[in-house]
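These notes concern the structure reproduced below.
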Amino acid sequence: QVHFVESGGGLVQPGGSLTLSCTASTSVPGIFFNRQIIGWYRQAPGKQHELVASIYRDGTQDVNHPWRGRFTISRDNANKTVSLQMNDLISEDTAVYYCGFVPTSTWGQGTQVTVSS
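Quick note on the numbering used here: the sequence shown kicks off at 337 and runs consecutively.
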């Protein structure tokens with residue numbers, strides 16, 4: 337069952353910024369969402385899913401290298417949304433980005449991010 341709907345991707349030039357957003361579906365109760373660690377994942381062409389950043393229920397962020405310092409994750413529990421602010425984008429950031437619980441094995445449609453001049 338798909339739990340999240342992602343949006344905000346697109347084509348951006350190197351050095352640019354994007355903000356991705358995901359919203360939990362109505363099947364995810366708010367009280368459950370508020371307790372969960374939520375993450376942004378990505379799948380680059382020909383590669384497996386990898387965790388980019390996660391956020392705990394108290395708002396503590398954990399951004400993995402090499403995105404640390406460029407990406408910021410945030411959450412709005414009242415609206416069951418999680419955002420990923422992506423700055424100083426490079427071509428290697430090109431991937432489909434997904435939102436999900438940490439850990440997860442269920443993927444939504446994701447949102448494509450393409451960094452290219």
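All C-beta atoms, glycine included, are put in the ideal place defined by N, C-alpha and C.
Checklist entry - Over what stretch of residues does the alpha helix (DSSP H) that includes Ile409 continue unbroken? => result Mapped onto the sequence shown, residue 409 falls at position 73. Where Ile409 is concerned, there is no enclosing alpha helix (DSSP H), although the beta strand (DSSP E) it sits in stretches over 407 to 412.
Item to check | Within the region 381 to 409, ranges of the beta strand (DSSP E) (whole runs, at least 3 residues) | outcome: 386 to 391, 397 to 399
Item to check | Bounding residues of the beta strand (DSSP E) (the contiguous stretch that carries Gly436) | outcome: Start at 1 with the first residue of the sequence shown, and residue 436 comes out as number 100. Counting along the chain, the beta strand (DSSP E) containing Gly436 begins and ends at 431 to 437.
Item to check | Reference Gln448, options Val399, Thr442, Arg406, Val348, closest by Cα | outcome: As a position in the sequence shown, residue 448 is number 112, starting the count at 1. Here the closest residue by C-alpha is Val348.
Checklist entry - Just how far apart, CA to CA, sit Gly345 and Asp429? => result Locating residue 345 in the sequence shown gives position 9, where the first residue counts as 1. Locating residue 429 in the sequence shown gives position 93, where the first residue counts as 1. If I take the Cα positions, the gap works out to 12 Å.
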